[in-house]
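For what it's worth, the UniProt record's numbering labels the leading residue of the sequence shown as 1, then goes sequentially.
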Amino acid sequence: MTAVSLERKREQGLILQARKEKKMDAEKDKQANEMPKSNPLTQAQFLLWKRQKDADSSARKAEATRKREEDIAAGTVQMNGRELFLHEPWVFDNNQY
């Protein structure tokens, strides 16, 4: 191969690389333009959402606690140490020993 043909191949490679870079840049710009615009959230909207979320969370927690109390009263679940101490404190009375 001659020096001229090597130079020509190198130039063609650079041209192809430049075309690929332009294409990638165009795709990035297209993706950036297609991204949905976000709606700004006001403080009032956020606080309303947060209150609703906290209310739902506390309602779920209260329901779980109520169900656990029912299950303990029915004897269908095993109590942990705190629950046993609160419901049957005589178990922890060491005056008998």
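Yeah, the Cβ is synthetic: ideal placement off N, Cα and C, and Gly gets one too.
Per-residue DSSP class, three states only, for residue i
i     : result
Asp93 : coil
Gly75 : coil
Thr2  : coil
Asn33 : helix
Thr42 : coil
Glu69 : helix
Glu88 : coil
Residue i versus residue j: straight-line alpha-carbon distance, rounded
i     : j     : result
Lys23 : Thr2  : 32 Å
Leu47 : Asn39 : 16 Å
Lys67 : Arg60 : 11 Å
Asp71 : Met79 : 10 Å
Lys30 : Arg10 : 30 Å
Pro89 : Ala73 : 15 Å
His87 : Glu69 : 10 Å
Arg8  : Ala32 : 36 Å
Nearest-angstrom beta carbon gap, residue j and residue i [assumed within contact, 8 Å]
i     : j     : result
Val77 : Leu84 : Their Cβ separation, rounded to whole angstroms, is 12 Å, which puts Val77 and Leu84 out of contact at 8 Å.
The ligand NAP heavy atom lying under 7 Å from the CB of residue i
i     : result
Lys22 : Of ligands this structure carries none, so the ligand NAP is not represented either.
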